[in-house]
Amino acid sequence: MKVDVDVVNDIIVEFLEVWLHNVLFVANIYPSQIFKTRYKYNITVQQSTFPAVNNYIRTLLNTLLPSLKKRAVQSLSVNTLVGGEVKQTYTVQLSFPPSRGSTPDTSRDQFLVTCREVFRSQIVALLNCSRFTGPSSEAGASFEITLKHADDDEIKNTCWVSSDRINNATPQITPLLFNDVHHFRIQSLLSH
775 MKVDVDVVND IIVEFLEVWL HNVLFVANIY PSQIFKTRYK YNITVQQSTF PAVNNYIRTL
835 LNTLLPSLKK RAVQSLSVNT LVGGEVKQTY TVQLSFPPSR GSTPDTSRDQ FLVTCREVFR
895 SQIVALLNCS RFTGPSSEAG ASFEITLKHA DDDEIKNTCW VSSDRINNAT PQITPLLFND
955 VHHFRIQSLL SH
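Sequential numbering of the sequence shown, starting at 775, is according to the numbering used here.
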């Protein structure tokens, strides 16, 4: 059974929403009191309860769907800033391999179970990366979200920060995890 591309896009966007909330939690951008514990992918995750943050994340992800349909999304990054300078970057890279022959004969349910396992492992890797980032953020920390896109013209009028704005001074890059789910590949990285 072939899995519908819209299903794939929807579960990627859902994962990215969970991932973004947990990046903000791990990076200590906001006080921990604005986060509530939630259960997703068979693990405990954090979700912001602050309406402005939640609306911002939803708006960004809604602008991402058309690009996902075109398979044009290459990466999504959260840059933590102190005094306008990027201190850390949390990145999820996505790739959509060309058809590799026949699609595995799996049901939609089995595909969703596999995705849940992959997403759980990605979130666990993110939550464990605090050993690289230290226990707390500096005063005045903020964040910005960047999108690396195959066609940058398409995102000019959205709320994304251009990926060319990032200072590419040789950071230490720590790969957190790579997964291949036949329909897409996902890798998470931390630059610090």
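Here a beta-carbon is modelled for each residue, glycine too, at the ideal position from N, C-alpha and C.
This one's a predicted model, so the numbers in the text were calculated from it and none came from an experiment.
Where residue i falls, given that 16 or more other Cβ within 10 Å makes a residue buried
| i | result |
| --- | --- |
| residue 807 | exposed |
| residue 844 | exposed |
| residue 846 | buried |
| residue 815 | buried |
| residue 826 | exposed |
| residue 811 | exposed |
| residue 902 | exposed |
| residue 796 | buried |
| residue 779 | exposed |
| residue 841 | buried |
| residue 836 | exposed |
| residue 887 | exposed |
Residue i - DSSP class collapsed to helix/strand/coil
| i | result |
| --- | --- |
| residue 795 | helix |
| residue 846 | coil |
| residue 915 | strand |
| residue 837 | helix |
| residue 853 | strand |
| residue 954 | strand |
| residue 823 | coil |
| residue 831 | helix |
| residue 962 | strand |
Spatial neighbours of residue i in its chain, beta-carbon cut-off 6 Å, leaving aside the 5 residues before and after
| i | result |
| --- | --- |
| residue 928 | No answer about residue 928 holds up, because its pLDDT of 41 lies below 50 and its placement is not dependable. |
| residue 799 | 809 and 820 |
| residue 916 | 855 |
| residue 851 | 863, 865 and 920 |
| residue 869 | 959 |
Close beta carbons around residue i, own chain, < 7 Å, minus the five adjacent residues each side
| i | result |
| --- | --- |
| residue 924 | 846 and 848 |
| residue 957 | 777 and 782 |
| residue 817 | 894, 897 and 898 |
Close Cβ partners of residue i (< 8 Å) along its chain, the five nearest in sequence each way excluded
| i | result |
| --- | --- |
| residue 784 | none |
Rounded distance between the beta-carbons of residue j and residue i, thought under 8 Å
| i | j | result |
| --- | --- | --- |
| residue 892 | residue 955 | 6 Å |
* **Three CB pairs or more closer than 8 Å across the region 826 to 835 and the region 892 to 899** => no
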